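Note sheet for the following structure.
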Amino acid sequence: MNVFAIRILMGDRAKYIGIVIGLTFAALLMTQQMSIFVGLMSRTFGFITDTSLPQIWVMDPKVQFIDDVKPMQDTELLRVRGVEGVEWAVPLYKGLLKARLSNGAFQNCIVVGLDDATLIGGPPEMVEGRLEDLRRAESVIVDEVGANGKLAKPPAVPGGKPQPLRVGDTLELNDHRAVVVGIARVSRTFQSQPVVYTTYSRATAFAPRERKLLSFILAQPAPGISADEAAERIRTRTGLAAYTAPEFKWLTVTYFLKYTGIPINFGISTLLGFIVGTVIAGQTFYNFTLDNIRQFGALKAMGATNLLLLRMILLQATVVGFVGYGLGVGAATLFGSTAGRSELAFLLLPQTLVVSALAVGVICTLSAVVSMWKVVFLEPAVVFK
Amino acid sequence: MSSSTAILCRGVTKNYGRGASEVRALRGIDLEVRLGELLMLIGPSGCGKTTLISVMAGILDQTDGDCSVLGENLRRLRGRRRTKFRGRNVGFVFQQFNLLPALTAAENVAVPLMLNGVGRTAAVRKGRELLARVGLGDRTRSLPAQLSGGQQQRVAIARALAHEPRIIVCDEPTSALDHDTGQQVMELLREVAVRPDRSLVIVTHDARIFGFADRIARMDDGHIERIVTSPDQLRTPVS
Ligand SMILES: Nc1ncnc2c1ncn2[C@@H]1O[C@H](COP(=O)(O)OP(=O)(O)OP(=O)(O)O)[C@@H](O)[C@H]1O
Ligand SMILES: [Mg+2]
């Protein structure tokens, strides 16, 4: 009777499509919202991801997340280098500086200063130029999105398109001249400002004079020592905070989860997808069962046991579940692949797929249970009514 | 109960609802349906015909009294066993046909066989044979919606015969059909359904088909008022 169960299901085109649309919608909305949420959350630590080489981040103990810079004294670097089990440690400057564009407008930029000697912590991908070009005087590397957008030069002709910032162009960073020697591609972060890479000494020269300018110390454990172990040693010897890269990412995400309304907002829209999906799919599925109630009654009269009818309903629910889930997740993936090229954060994790699958499963089960209820308590005598 | 008895009702009552809204649909039915006969249940609307046939078919519980079908006391046959018993022994023909709209004629006929464990391919093949017997050999692939009322009822008859049940119950099988079609359906039922080892119970208030019955039981107000063997006897007053 399994084949017949599916034929009966698909025989009612309108209802079948209605149920599938409900489930597709639910799967799409839930997957999409969760993926945007995950995407946004992974953006919070985009800078940590980009700075992939060092395994340990050392910072002021009060730092709560990556953009929460609490500068340290330069001498801390030497203390970290002195900790046993630390292979190397380099300084990193990260701060917001004002850039003056050629049209006179100001634009805040994230300026990242890399260790002069090693240039550790550079951008993950160069689009133009080389990282080593930072060794030239006054040189900076600008991120692609910034170069094409906020740092772009005014149109050559009035009303035309703004011209992207190119290698060889100059900017003024906090009244200091800087020459663009490269364009880099960096992960998007929560901070929408352009990212400007330069050397540590140049960055600190650009920055306003202050007693403390060292934002982070990037360190590597010595061979044979785990990152956890080395971080622990740095903490006890220096009193600074030291995290492994994954720990620092998690610290950052936790901060955003705790102190922003982001999770609640996405939680609500995910829940909405679930509820709307349940209502549409459940309601239509129930209507479908009600429409076929005489048929179910006839089957019961003719000797179909409750167990058989329940199996048929469960099978029908499973089929619409799979179709709806497939379409919904497919649509979400399609959405994600188009969104990938835009500003939108979208990161589809396998876990998200599992969660949506479970949610769709729950919707189908609820729908099926309501219908089963109706069928189990159906008097076969209705067939003569 | 003799060996020729298919259904035996003794003091069967049925009340619907409770308290003030209680309806006494059956008020003590004594009735024997014999194997090999076509028994018609007739009577005015609301007299309890459908209720009685439902009890006899094992799809409705009586309030009191006993009803045995093929020697099985329905009271002692419950739940899944009762359902299986029905599936094996009872064929149904409904006023509104009740075919599954998504299935072809042959598949509809195959359903009772499949409910008895026959595989789909074999069941559908048997379905086609049966459709040929009811004169629909060329419509085996049609969906119910593509068939006329009379054709649908013939599919339903084929379905009621498919698993070769010992009992066939029909509630108003002709009242959704025009006169000629109704006559044809009854002729078909007599021709293909009546067998020495089977009983047909047909509820109807269509006087034009009374002639197809071996016996006619007239009901009134929850009672069997009289049983006759020919429609002519219905005209003579109760003695
Ligand atoms: N499910 C029910 N609940 C309450 N009362 C019912 C129910 N089914 C039938 N009845 C009542 O029981 C009585 C007998 O009904 P039944 O359907 O058996 O009559 P019938 O002889 O088949 O009538 P008709 O010729 O109109 O089909 C009627 O008074 C009817 O209103
Ligand atoms: Mg009736």
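Those protein sequence lines, which keep their order, are chains A and B. Each residue of the first sequence is one higher than the one before, starting from 0 at the first, in numbering that gives the first Met the number 0. Each residue of the second sequence is one higher than the one before, starting from 0 at the first, in numbering that gives the first Met the number 0. Glycine included, C-beta positions come from ideal geometry on N, C-alpha and C. Note that the coordinates shown come from a computational prediction; the quantities given were computed from them, not determined experimentally.
Check: Terminal residues of the continuous beta strand (DSSP E) containing V200/B?; Outcome: S198 to V202
Check: Since S355/A contacts G281/A with CB under 8 Å, what's their CB separation in whole angstroms?; Outcome: Their Cβ separation, rounded to whole angstroms, is 17 Å, which puts S355/A and G281/A out of contact at 8 Å.
Check: Beta carbon of S205/A, beta carbon of L164/A: below 9 Å?; Outcome: Residue 205/A is actually Phe in this sequence, not Ser. Result no, Cβ atoms of F205/A and L164/A do not sit closer than 9 Å.
Check: To the nearest angstrom, how far is it from the Cα of V89/A to the Cα of I18/A?; Outcome: 59 Å
Check: Which residues of the segment 286 to 318 of chain A have a Cβ closer than 9 Å to any Cβ of chain B? Give them in chain order.; Outcome: N291, R293, Q294, G296, A297, L298, K299, A300, M301, G302, A303, T304, N305, L306 and L307
Check: Here's the rule I'm using: 16 or more other beta-carbon atoms within 10 Å means buried, otherwise exposed. How should I55/A be labelled?; Outcome: buried
Check: Buried or exposed, going by whether 16 or more other CB atoms sit within 10 Å of the CB of H162/B?; Outcome: buried
Check: Does DSSP put L422/A in a helix, in a strand, or in coil?; Outcome: Past the edges of chain A, shown from 0 to 384, lies residue 422/A, and the structure says nothing about it.
Check: Taking any heavy atom of ligand 1 as the mark, which residues have a C-beta closer than 5 Å to it, listed down the chain?; Outcome: Y15/B, V22/B, A24/B, S44/B, G45/B, C46/B, G47/B, K48/B, T49/B and T50/B
Check: Between which two residues does the alpha helix (DSSP H) holding E231/A run?; Outcome: A226 to T237
Check: Closer than 7 Å, Cβ to any Cβ of chain A: which residues of the segment 147 to 172 of chain B, in chain order?; Outcome: D170
Check: Would you say Q61/B faces chain A, with C-beta separation under 9 Å as the test?; Outcome: no
Check: Interface residues of chain A around T49/B at Cβ under 7 Å?; Outcome: F383
Check: Using the beta-carbon count (16 or more within 10 Å), is F64/A buried or exposed?; Outcome: buried
Check: What residues in the segment 20 to 43 of chain B bring their beta carbon closer than 7 Å to a beta carbon of chain A?; Outcome: none
Check: Any chance the CB of V381/A is under 8 Å from a heavy atom of ligand 2?; Outcome: no
Check: Since A380/A meets chain B, which of its residues come closer than 8 Å, beta carbon to beta carbon?; Outcome: S53, I58 and L59
Check: Are there 16 or more other CB atoms within 10 angstroms of the CB of F105/A, so buried, or fewer, so exposed?; Outcome: exposed
Check: Counting only beta-carbon separations shorter than 9 Å, does A125/B have a partner in chain A?; Outcome: The question names Ala, yet the displayed sequence has Lys at residue 125/B. Cβ-Cβ to chain A under 9 Å: no for K125/B.
Check: According to a CB-to-CB cut-off of less than 8 Å, which residues of the segment 98 to 111 of chain B neighbour chain A?; Outcome: L99, P100, A101, L102, E106, V110 and P111
Check: Using 10 angstroms around the beta-carbon of T144/B, count the other beta-carbons present and answer buried if the total reaches 16, otherwise exposed.; Outcome: Looking at the sequence itself, residue 144/B is Ala, so the reference to Thr does not match. Exposed, because fewer than 16 other Cβ atoms sit within 10 Å of the Cβ of A144/B.
Check: Nearest CA to the CA of G21/A: which residue from T288/A, A338/A, L298/A and I274/A?; Outcome: I274/A
Check: Taking 8 Å as the cut-off, is the C-beta of E171/B nearer than that to any heavy atom in ligand 4?; Outcome: Judged by which ligands are present, ligand 4 is missing from the structure shown, whose ligands are ligand 1 and ligand 2.
Check: Quickly, what does DSSP pair S67/B with across the bridge? List them, please.; Outcome: L7/B and N72/B
Check: Where in the segment 11 to 84 of chain A do unbroken runs of the alpha helix (DSSP H), each at least 4 residues long, occur, reported from the N-terminal end onward?; Outcome: 12 to 43, 45 to 49 and 74 to 80
Check: Using the Cα positions of I16/A and A121/B, report the straight-line distance between them to the nearest angstrom.; Outcome: 32 Å
Check: What three-state label does DSSP hand C108/A in the structure shown?; Outcome: strand
Check: Could you work out which residues of chain B lie near G10/A, taking near to mean beta carbons separated by less than 9 Å?; Outcome: L99, P100, A101, L102 and L142
Check: DSSP three-state label for A136/A, please.; Outcome: coil
Check: For ligand 2, is there any heavy atom lying closer than 8 Å to the beta carbon of V92/B?; Outcome: no
Check: Quick one: Cα of R132/B to Cα of I226/B, how far?; Outcome: 32 Å
Check: Please report the straight-line C-alpha distance between L187/B and L7/B, rounded to a whole angstrom.; Outcome: 26 Å
Check: By DSSP's criteria, Y242/A is part of a beta bridge. Which residues make up the other side?; Outcome: W56/A
Check: Please identify, using Cβ separations under 8 Å, the residues of the segment 262 to 274 of chain A that lie next to chain B, in order along the chain.; Outcome: none
Check: R6/A versus chain B: which residues are under 7 Å apart at the beta carbon?; Outcome: A101 and L102
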